[in-house]
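There are 2 protein chains.
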Amino acid sequence: MEIDEKRAAQIFKALCDENRIRIIKLLNTGEKCACKLLEELNITQPTLSHHMKILCDSGIVTGRKEGKWMHYSVSSEGSETAVEYLNELTKLKNAACREADLPCCDK
Amino acid sequence: MEIDEKRAAQIFKALCDENRIRIIKLLNTGEKCACKLLEELNITQPTLSHHMKILCDSGIVTGRKEGKWMHYSVSSEGSETAVEYLNELTKLKNAACREADLPCCDK
DNA sequence: AGTTCATATAGATATTTGTCAATACATTTT
DNA sequence: AAAATGTATTGACAAATATCTATATGAACT
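Quick mapping for you: the protein sequence lines, in order, are chains F and Y. Just remember that our numbering sits 3 ahead of the position in the first sequence, which is counted from 1. Just remember that our numbering sits 3 ahead of the position in the second sequence, which is counted from 1.
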């Protein structure tokens, strides 16, 4: 897999705010509506809406509108992508893949 | 595992900048010294130093000083922690773990 | 149609962040 | 000891971000 830096940054940016981490933890046990999330977080409704947009745009969370209510849940597809990106980034490439496997700065 | 929001945010914050993603990609093929990284990135030396600090503080990268040179590599321990955090956050808890497994906003 | 309620958007603001130039620090070499 | 070299720190600044209040949008119910 080829890592697109911009896309990777977007995905991890969605995860780099404490409140968004809390939101994902709340969605961890299943779908929840915005009003439920709002009860549990010390933020205003527009702020929640802002965070949900970032989470949905990243693909990690999906939203479902039902009447007046928005229901959010963790997207298994989106989070698999995130995990793949993280694995691909951090796993050491094997020797066959390396061209630059030379001692560095051996001056 | 219990997710510490602050720690999780720190880990993912390290990954949410395009240049830091590029740095990790460069470390993907093995340890590299700062000067080598600097050659490949369109940033100044102080900016690189700043990014390396963030990456090291997050645990994802480790640094090794050898004379004048700093050698950086992806920490397998740190990146495993990151993957664990991401998995723990995004995997749906099974029914036994849920207390709140009720339809939400069923008004 | 008008009211109510849940969510989204707009605009303002304080904080955080990425960046650079200048300088300090530390280690090697002469 | 002095010069050279690689990296870290400081201070400044512009851009991005998280937050709020106020308002708009949209859907359900009288």
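For glycine and all other residues, C-beta sits at the position ideal for the given N, C-alpha and C.
Secondary structure of residue i, DSSP reduced to three states
i                     : result
residue 68 of chain Y : strand
residue 11 of chain Y : helix
residue 36 of chain F : strand
residue 4 of chain F  : coil
Euclidean distance between Cα positions of residue i and residue j
i                     : j                     : result
residue 43 of chain F : residue 45 of chain Y : 43 Å
residue 67 of chain F : residue 65 of chain Y : 42 Å
residue 85 of chain F : residue 14 of chain F : 7 Å
residue 61 of chain F : residue 70 of chain Y : 42 Å
residue 3 of chain Y  : residue 25 of chain F : An answer regarding residue 3 of chain Y cannot be provided, because it is not within the stretch 4 to 110 covered by chain Y.
residue 36 of chain Y : residue 91 of chain F : 21 Å
residue 59 of chain Y : residue 76 of chain F : 32 Å
residue 63 of chain F : residue 95 of chain F : 25 Å
residue 23 of chain Y : residue 27 of chain F : 24 Å
residue 10 of chain Y : residue 88 of chain Y : 9 Å
residue 29 of chain F : residue 40 of chain F : 7 Å
residue 31 of chain Y : residue 18 of chain F : 22 Å
residue 38 of chain F : residue 48 of chain F : 8 Å
residue 55 of chain Y : residue 83 of chain Y : 19 Å
residue 74 of chain Y : residue 12 of chain Y : 26 Å
residue 57 of chain F : residue 57 of chain Y : 23 Å
Residue i burial status per 10 Å Cβ neighbour count (16 or more: buried)
i                      : result
residue 81 of chain F  : buried
residue 50 of chain Y  : exposed
residue 53 of chain F  : exposed
residue 7 of chain F   : exposed
residue 16 of chain Y  : buried
residue 20 of chain F  : buried
residue 119 of chain Y : This structure leaves residue 119 of chain Y out entirely; chain Y is present only between 4 and 110.
residue 93 of chain F  : buried
Cβ of residue i within 8 Å of any chain F Cβ
i                     : result
residue 58 of chain Y : no
residue 65 of chain Y : no
residue 89 of chain Y : yes
residue 93 of chain Y : yes
residue 28 of chain Y : yes
residue 1 of chain Y  : In the structure as shown, chain Y starts at 4 and stops at 110, and residue 1 of chain Y therefore has no counterpart that could be examined.
Segment limits, alpha helix (DSSP H) that includes residue i
i                     : result
residue 87 of chain F : 79-93
residue 45 of chain Y : Run containing residue 45 of chain Y: none; DSSP gives neither H nor E here.
residue 29 of chain Y : 21-30
C-beta neighbour in chain Y for residue i, strict 8 Å
i                      : result
residue 108 of chain F : Interpretation of residue 108 of chain F is limited by its pLDDT of 44, a score under 50 that renders its predicted location unreliable; no figure is taken from the coordinates.
residue 82 of chain F  : yes
residue 96 of chain F  : yes
residue 42 of chain F  : no
residue 32 of chain F  : yes
residue 18 of chain F  : yes
residue 68 of chain F  : no
residue 46 of chain F  : no
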